[in-house]
Structures are given as structure tokens and as C-alpha cells.
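Peer 1: Using our numbering, the letters of the sequence shown correspond one by one to residues 37 to 340. C-beta: ideal position from N, C-alpha, C; glycine also.
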Amino acid sequence: MRVVLNAKAGTIHDMGPERVRAIVDEALTRPGTDVEVLVAHGEAIARAISSAERDGYDTVVVGAGDGTVSYAASVFANTEVALGVLPLGTMNMLAYDIGLPRDLAGALDALLKARPMQVDVGLLNGRAFHGVSGVGFFSQMALAREQLRAQRGRVLGWLMALGKAVARSGRISIEVEVAGVREPIEAYAALVTVNAFDAPGWHRSRLDGGLLEVLVAEDRGTLARLKTGAEVLVNAWRDKPGIHAFQARRVTIHARRERAWVATDGEVERERVPLRYAIAPGALKLLVPPAAIQWREHDAQAVT
37 MRVVLNAKAG TIHDMGPERV RAIVDEALTR PGTDVEVLVA HGEAIARAIS
87 SAERDGYDTV VVGAGDGTVS YAASVFANTE VALGVLPLGT MNMLAYDIGL
137 PRDLAGALDA LLKARPMQVD VGLLNGRAFH GVSGVGFFSQ MALAREQLRA
187 QRGRVLGWLM ALGKAVARSG RISIEVEVAG VREPIEAYAA LVTVNAFDAP
237 GWHRSRLDGG LLEVLVAEDR GTLARLKTGA EVLVNAWRDK PGIHAFQARR
287 VTIHARRERA WVATDGEVER ERVPLRYAIA PGALKLLVPP AAIQWREHDA
337 QAVT
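#1: Rounded to whole angstroms, what's the CA-CA distance from Met-129 to Ala-316? Just pull it up for me.
#2: Leaving out the 5 sequence neighbours to the left and right, which residues in its chain are closer than 7 Å to Val-214 when beta-carbon positions are compared?
#3: Please classify Val-309: does DSSP put it in a helix, a strand, or coil?
#4: Could you check whether Val-168 and Leu-119 sit closer than 9 Å to each other, using their CB atoms as the reference points?
#5: Pick out whichever of Met-51, Val-155, Thr-115, Arg-312 has its Cα sitting closest to the Cα of Gly-216.
#6: Judging by CA-CA distance, which residue of Met-37, Ile-289, Asp-102, Ala-225 is the nearest neighbour of Gly-68?
#7: Taking all protein chains shown into account, do 16 or more other C-beta atoms lie within 10 angstroms of the C-beta of Arg-188, making it buried, or fewer, making it exposed?
#8: Enumerate, from N- to C-terminal direction, the unbroken beta strand (DSSP E) stretches of 3 or more residues contained entirely within the stretch 214 to 264.
#9: I need the straight-line Cα distance from Ala-150 to Val-324, nearest angstrom please.
#10: Using three-state DSSP, classify His-290 as helix, strand or coil.
#11: Quick check: what's the CA-CA separation for Val-39 versus Thr-229?
#12: Leaving out five residues on either side along the sequence, give the residues of the same chain with a beta carbon under 7 Å from the beta carbon of Ala-108.
#13: Which same chain residues, not among the five before or five after Leu-74, have their C-beta less than 6 Å away from its C-beta?
#14: Beta-carbon within less than 7 Å of Ala-43's beta-carbon, same chain only, minus the 5 sequence neighbours each way: which residues are those?
#15: Would a C-beta distance cut-off of 9 Å place Leu-122 and Leu-136 closer than the cut-off?
#16: Using the beta-carbon count (16 or more within 10 Å), is Val-191 buried or exposed?
#17: The alpha helix (DSSP H) spanning His-49 covers which residue range?
#18: Under 9 Å, do Thr-300 and Gly-170 count as touching if we go by C-beta distance?
#19: Is the beta carbon of Ala-253 closer than 9 Å to that of Ile-289?
#20: For the beta strand (DSSP E) that Ala-164 lies in, which residues bound it at each end?
#21: How many angstroms separate the CA atom of Ala-143 from the CA atom of Val-56?
#22: With DSSP as the reference, identify every bridge partner of Phe-282, one or two as the case may be.
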């Protein structure tokens, strides 16, 4: 097992890299297991992840935020390498989706009991991601959060980022194409998710549902933008007026530009337009605590 920890993660900054490395090593090392714990910066993180399979590791645990976890998912999709997650970043959407505790000791204990589960990943222009990808307000929110990363206080930081994102976001003319049919929308924001975030607190009830969900908010002026932006942060915008919803295995977003800022799992990149999204069912082997597997299997049986 290779464990890759982001040296800039808040937990490591607060506790110190050597202390965290020792705690992780002691918690995960068991008789007959080979555990390598690396605390890395920048490009060294990507190298440690991308070389793991070649170096003979069949399990890689990433202790970082959603962006680094997303990179790991893109590397290990459609491989036999199992990905484990430690929630050391800001949002940690995937970690919370599978019920990992927020504290390091609790997360390590849950990880020890975890079993591999095949989960879906999304593809944006061919590159894999594990959670969310958005344009308009969402890309501006991610940029604002990056600029305010040093701001102390999570609530204050979010409120400041929300104000910046609302001020910077404008109308975007897009066409959402599903099954060959295009729907034009004058939008304020568009979000594509790997399965629906349909449970309270920005959680998904399924990680293996096999569908993308697309939510598009119409541009209805500044006050409506502020209201929608606040509702987005608490995941309360579903089924509200001016929200268009689509579900499909493939979705293409067209716009009158060659490139657009897109926030994917918290990382903002300039992407070539049109934005071509697809879902890869069961492409990633993810380590999931048994309790999370059990209630997801129960939910799946209830649906069928």
C-alpha cells in the first residue's frame, strides 16, 4: 500500500508532517502488509500517484482534497488499483459520500475496515473526475475560494467567496445536448455531477447509478443570482424555479466560445468547448467502509 499525503493539507499543517506520517504508518501497518507513507508537495504528489501501479502497489491511499483525489481517480480508473481516501482537504466530497469521519483517527479506523466497491466516474473531454464539474457561477466560486484559501474561518471564507462569485458571474448562452436534442438556455450556472447529489448536505445516495445529472440555473438578474448562489451552497436549489434538470449517460454543453473556465472537483481549468461529458459505470475501485456499502445496497434494493 502506498499512502500519499499532501504536505499543504490543513491537518498536516496543524499537526506537523512527521507526526501525521507516523500516525498513518502505525495505523495502517499490519502483519504481512507493506506500507509506504509519503508526504509530498506539488508535482511530487502526482508522480507518487502515477507511478504507484508501476512500482507494484495494488492499493493507493490519498490524503488530500478533492482535486488531488480527482487526479488519482483519473489515474486508477479502469485499473485494478484500489483507491482509498483520507479527508485532509477543504470539501472532501468523495470521503463524506462514503461516510468517512472528519477526524484523522476515525478516518484511518474506517479505512482499515473498508472493502473495494466499483463506483462510477465522469469524463470531461475524456478525462476522468469523481464528483462535480461546473461552469459559470461554479467556476467563479472555485476561483474565489482559491484566492481566499488563507482566510481563517470556514463560514466567513465561504460567504466572501460567494460574494465574489456572484459579482463576477455573468450570463452564459449555452445549449445542453442530450440524445441529439439541444436545449438553448440563457444561464447563470451549469453543474454536471457523477450521479445525483440528492441527499442532504451535498451527498449522493448512489455512487454506482450509472447516470450523469445536469442542473442549469437560468440567469434571472442579480438578486436571483445571489439567492441561487446561497441555495447552491446548501444544496437547496433542486426543483426551484428557473432550474433545468437532465439525466443521461452522455451530455454535451455547447457555448459561443472556444474555451471556458470549468471547475471540476474543485480545480479550475480552461477547457475546450463544447464540453463533452460521459459516465464510465463502475470504472473505479474505491475503498468504502462496510456500513456505507450496506446502506447503499439497501437503497439500491429499495429502488428496484
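Peer 2: Short version:
#1: 19 Å
#2: Phe-282, Ala-284, Val-287
#3: coil
#4: no
#5: Arg-312
#6: Met-37
#7: With a pLDDT of 47 at Arg-188, under the threshold of 50, the modelled position of this residue cannot be trusted, and the question is left open.
#8: 217 to 230, 248 to 254
#9: 5 Å
#10: strand
#11: 27 Å
#12: Ile-85, Val-96, Val-98, Leu-119
#13: Val-40, Ala-84
#14: Pro-53, Val-75, Ala-76, His-77
#15: yes
#16: Per-residue confidence for Val-191 stands at a pLDDT of 49, beneath the threshold of 50, marking its modelled position as unreliable; the derived number appears in the next sentence. With fewer than 16 Cβ atoms within 10 Å of its Cβ, Val-191 is classed as exposed.
#17: 46 to 51
#18: yes
#19: no
#20: 163 to 165
#21: 13 Å
#22: Val-250
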